[in-house]
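Student:
2 protein chains.
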Amino acid sequence: MADPELKAAIVQDAGDGRVLMLAWMDDEALHRTLTTGRGTYWSRSRGSYWVKGETSGHVQHVKAVALDCDGDTLLLQVDQEGAACHTGDRTCFDADVLPLS
Amino acid sequence: MADPELKAAIVQDAGDGRVLMLAWMDDEALHRTLTTGRGTYWSRSRGSYWVKGETSGHVQHVKAVALDCDGDTLLLQVDQEGAACHTGDRTCFDADVLPLS
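Going down the list, the sequences are from chains A and B.
Following this note's numbering, the numbering of the first sequence begins with 5 at its first residue and continues without gaps.
Following this note's numbering, the numbering of the second sequence begins with 5 at its first residue and continues without gaps.
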């Protein structure tokens with residue numbers, strides 16, 4: 005089970021609709037995102053907050069945030085500067101397409 | 005922390021790119037999805053597999069599946085019959101837009 009205090013945050017390009025990445029938010033990360041307009045998340049591996057682009061410059065300008073029907077997932081529409089993925093790919097889903105049989 | 009055996013599955017409309025819902029998959033649900041071409045998930049609340057649309061008829065015809073850079077999130081492109089959300093809304097993100105300040 006997911007930590008009940010964490011919501012999954014789906015990040016979508018506000019321009020062309022491509023899904024860029026998935027990250028995690030607690031209430032504080034959501035508050036910071038809503039008040040600063042910068043995608044801000046909770047790192048489960050590091051146990052700390054991170055602002056997307058803080059070191060890479062690949063900032064997310066948040067245009068809209070919606071909560072899903074059961075309140076545990078967020079959908080962010082963003083203007084993404086540069087690559088969304090830490091690998092340098094535009095999205096985190098560009099590298100590994102699985103075969104449908 | 006999420007159950008390490010579960011991957012988050014983001015479901016996107018293959019036609020217009022709208023994000024429809026988020027669900028969960030283990031390896032078996034992914035295998036069933038890839039081999040049947042129908043969105044099949046693991047229900048964390050019920051502890052069982054479910055095929056989207058099995059009771060509602062709102063089936064997902066899966067067109068593509070991609071794994072993200074760190075291997076814990078899937079992105080599905082689907083042709084969605086009817087509403088994706090159990091509330092009857094087209095997506096699970098239609099009802100609750102949060103205010104940006």
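Heads up, the beta-carbon is just placed ideally off N, CA and C, and yes, glycines get one too.
Quantities reported herein were computed from a predicted structural model and do not represent experimental measurements.
(1) For C96/A, which residues from the same chain have a beta carbon less than 6 Å from its beta carbon, with the 5 sequence-adjacent residues on both sides left out?
(2) Under the three-state reduction of DSSP, which class applies to T77/B: helix, strand or coil?
(3) Shortest alpha-carbon distance to D72/A belongs to which of L79/B, D93/B, G57/B, K11/B?
(4) Can you tell me the Cβ-Cβ gap for A18/A and V82/A, rounded? I've got them flagged as a contact below 8 Å.
(5) Going by CA-CA distance only, name the one from Q84/B, T91/B, H62/B that's closest to D74/A.
(6) Tell me where the alpha helix (DSSP H) around A27/A begins and ends.
(7) Among the residues of its own chain, which have a CB less than 8 Å from the CB of Y78/B, if the five just before and after it don't count?
(8) How many Å lie between K56/B and R48/B at the Cα?
(9) With a threshold of 9 Å between beta-carbons, can M5/A be considered close to chain B, or not?
(10) Hey, how far is the Cα of Y45/A from the Cα of L38/A?
(11) I want to verify the contact list: residues of chain A whose CB lies under 7 Å from the CB of A70/B, in sequence order.
(12) Name the chain B residues that come within less than 9 Å of T39/A, Cβ to Cβ?
(13) Where does L71/B sit, in a helix, a strand or coil, going by DSSP?
(14) Are the C-beta atoms of D93/A and some chain B residue less than 9 Å apart?
(15) Which term fits G43/B, buried or exposed, when burial requires 16 or more other beta carbons within 10 angstroms of its beta carbon?
(16) Indicate the three-state DSSP secondary structure (helix, strand or coil) for H35/B in the structure shown.
(17) Please report how far the alpha carbon of A99/B lies from the alpha carbon of S105/B, in whole angstroms.
(18) Strictly below 8 Å CB to CB, what residues from chain B border V23/A?
Tutor: Taking the structure as given:
(1) M25, C89
(2) strand
(3) D93/B
(4) 6 Å
(5) T91/B
(6) Careful: A27/A lies outside any alpha helix (DSSP H), inside the beta strand (DSSP E) at 23-29.
(7) Per the sequence shown, residue 78/B should be read as Leu rather than Tyr. Counting only Cβ-Cβ distances below 8 Å, and skipping sequence neighbours, we find K11, A12, A13, I14, M29, L34, V69, A70, L71, D72.
(8) 14 Å
(9) Residue placement at M5/A is flagged as unreliable, the pLDDT there being 41, under the threshold of 50; the coordinate-derived value follows with that caveat. By this cut-off, M5/A is an interface position.
(10) 12 Å
(11) F97, D100, V101, L102
(12) L104, S105
(13) strand
(14) yes
(15) buried
(16) helix
(17) 19 Å
(18) I14, Q16, V23, L79
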